[in-house]
Structure formats: structure tokens, C-alpha cells
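For the sequence shown, this note's numbering gives the first residue as 10, with consecutive numbering after it.
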Amino acid sequence: PFLAVVDSDASLYVYSVKEDGTSCEKYLNFIRQKSSQPKAPRISWCPYVPEGDLSPVHLLALIIDNRVEVINLTVIKAEIDQTEITFEELHGIEGALVSIEMDSAVTAAKLSPDSSALVVGTTSGKAYFYIVDDTSLKLAQDFTPVPNHFVEDIVFFDNLTTNHQDCYWKYAAISSDNGRRVSIFDCDNWELVAKLRFEAQNATGKLEMMLDATARFLFIADYDASNLFCIEIAYVNEVPHFAACTLIAFYNSIY
């Protein structure tokens with residue numbers, strides 16, 4: 010497993026973690042010029058699930074203002090014999106870095122488990138679906154998931170406990186309105202499959218969305234009220250639907 014950390018300058022630090030989680034060591038560090046002053050850079054990284062006998066491809070997306078940088082750790086590690094490199098040097102390695110500039114600030118980005126697809130949401134309310142190949146990102150579709158709201162988080166309904174799947178990223182959940190609206194979409198045409206809305210009157214912050222590894226339970230965390238909503242996902246003809254919701258209330262604060 011890997012651990013990735015981004016600092017206020019958008020320099021990136023990736024560490025290799027032992028299976029038992031007791032220690033880690035430097036894997037790759039990406040240093041950016043200190044002159045850059047991005048606003049709250051973020052990392053988007055999906056657990057990688059290889060397909061068949063294909064070699065693993067570890068991709069990481071870095072969100073910086075209105076830009077998304079997709080970094081191929083596998084390509085970079087194969088090309089250099091050191092653990093530190095500058096972002097300027099990455100441009101000299103084919104397939105190491107692909108960057109896309111959006112018309113407005115990026116609110117969310119999500120890579121698929123097989124590293125073949127990327128969804129990007131912006132403050133304009135639009136979302137962009139890209140197909141990822143070795144050296145580029147190809148825009149397949151742009152759409153507006155939730156009118157009058159922008160995308161805040163994205164999860165793909167993929168079972169990460171098995172690699173015997175015909176195709177990944179068939180369906181995805183998108184959250185908006187401070188996490189209170191959750192919608193399921195068909196990724197082939199991005200048509201709405203199901204939607205729900207939470208009434209969290211005491212919440213002032215964003216509700217956080219998480220999916221368990223089997224893709225059968227969607228969790229919505231309300232940190233302000235110390236509540237956790239557990240949503241059971243039922244698959245009808247392989248299409249995910251909201252089946253039931255259980256509220257778990259905690260006496261102490263949750264983080």
C-alpha cells in the first residue's frame with residue numbers, strides 16, 4: 010500500500026507502507042517551485058484493482074485550483090533510479106504527467122479502480138468524464154449532474170474485494186448541496202438512476218460520503234451531529250438502488 014501527502018505548495022510526497030502498517034519509507038517525492046501558491050491542493054486516489062494479468066498502473070490525481078494533474082507513479086518509478094524529482098523534470102518523461110485546465114475551479118475528481126476513467130466536477134455545476142490512456146485524457150462527455158448545484162464528491166460502485174468484473178465504473182454516486190443530496194448515475198450515458206436528500210438541520214459543515222469495499226453500503230458522515238447514515242445498496246439487474254437507511258448516533262464526537 011501507499012500513502013500520499015500534499016503540502017501547501019502542492020509538492021507531493023508518496024510513501025510505501027508495510028502491509029502491517031507499522032512503518033513506511035520514501036517512495037517518490039515530487040517537488041514544486043516555492044513560487045506557486047495554490048489554494049488548498051488536494052489528492053484524489055482510488056484503490057487500484059488490476060484487471061486480469063495486466064501490469065499494475067498506479068495513478069494519482071492532484072487537484073490544484075482549476076487544474077487536475079494525473080501522475081503515473083508506475084511510469085515514473087520505472088524511469089528514474091531516485092526517490093525525488095521536480096515537477097519540471099516530469100515533463101521529460103513520456104506518460105508521467107497529464108494536466109488538464111478547467112474553465113472554473115475544480116470541486117472534485119475521482120479515478121476509477123482500474124485507472125481507465127476520470128470524473129472531474131467544477132464550480133460551474135458541470136462534470137467532465139474522461140477516458141484515461143497511457144499518455145492522454147480523452148473527454149468522453151460533459152454533463153450537469155444536479156441543476157443549481159456543483160459536484161462535491163464522487164464514488165464508483167465497484168466491488169474492490171474481487172477483480173472478476175466485466176467492467177468497472179458502470180455506476181457512480183455524486184454528492185452535492187453540502188453532501189445532503191446524493192444521486193446515482195449510469196456512467197454509460199450519465200442518466201439519473203436514483204436520488205435522495207438528507208435533512209440535517211443541525212449540520213453546518215459538509216456531510217462526507219464514503220463507500221465500503223464491497224459497494225453494498227454507502228456511508229454519510231454528519232460530523233457536526235456525530236451521526237453516521239448507513240445506506241444499504243441493492244442491485245436490481247446489476248443496477249444499484251437505495252434500499253434502506255440506518256442512522257447510527259454517537260455520544261462522543263466523530264472524526
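The beta carbon of each residue, even a glycine, is placed where N, CA and C say it ideally should be.
* Just how far apart, CA to CA, sit Leu201 and Thr171? -> 26 Å
* Asked: Do you know offhand how far Glu78's Cα is from Leu237's?
  -> 32 Å
* **Simplified DSSP assignment, three categories, for Ile40** => strand
* To do: Could you please give me the residues that DSSP links to Met111 through a beta bridge?
  => Per DSSP, none; premise fails for Met111.
* Asked: Would you call the CB atoms of Leu37 and Ile85 closer than 8 Å?
  -> yes
* Cβ pair Cys239, Phe226 closer than 8 Å -> yes
* To do: Compare the C-alpha of His100 against each of Thr92, Ala222, Asn81 and name the closest.
  => Asn81
* **Ala87: first and last residue of the uninterrupted beta strand (DSSP E) it sits in** => Premise fails: Ala87 lies in the alpha helix (DSSP H), 82-88, not in any beta strand (DSSP E).
* Asked: Per DSSP, what kind of secondary structure is Leu99 in: helix, strand or coil?
  -> helix
* For the 8 Å Cβ check, are there 3 or more pairs between the region 157-171 and the region 97-111? -> no
* Integer Cβ distance of Gly130 from Thr116, believed to fall under 8 Å -> 5 Å
* Asked: For Ile183, does the count of other Cβ atoms within 10 angstroms reach 16, so buried, or fall short, so exposed?
  -> buried
* Based on the DSSP secondary-structure assignment, which residues constitute the bridge partners of Ala118? -> Val129
* Cβ-based burial, Pro249 [other Cβ within 10 Å; buried from 16] -> buried
* Just curious, the beta strand (DSSP E) that Leu227 is in, first and last residue? -> 226-231
* Asked: Can you check whether the CB of Glu241 is closer than 8 Å to the CB of Ala230?
  -> no
* **CB contact flag (Lys147, Gly188, <8 Å)** => no
* Option nearest Asp29 by Cα separation, candidates Ala222, Val23, Gln46, Phe11 -> Phe11
* To do: Taking only runs that begin and end inside the region 151-222, name each unbroken beta strand (DSSP E) of 3 or more residues, in chain order.
  => 162-165, 180-185, 190-195, 200-206, 217-220
* **Gln150 beta carbon less than 8 Å from that of Phe165** => no
* Of the residues Arg206, Val155, Ala118, Ala49, which one's Cα is nearest the Cα of Asp9? -> Absent from the model: residue 9. The displayed extent of the chain is 10 to 264, so no value can be given.
* **Proximity of Pro65 and Thr92 at Cβ, strictly below 8 Å** => no
* Could you give the distance in angstroms between the alpha-carbon of Ala203 and the alpha-carbon of Asn246? -> 14 Å
* Which value, in whole angstroms, describes the spacing of the CA atoms of Ser133 and Ser185? -> 13 Å
* Asked: Among all the DSSP beta bridges, which residues are the ones paired with Tyr22?
  -> Val14, Asn38
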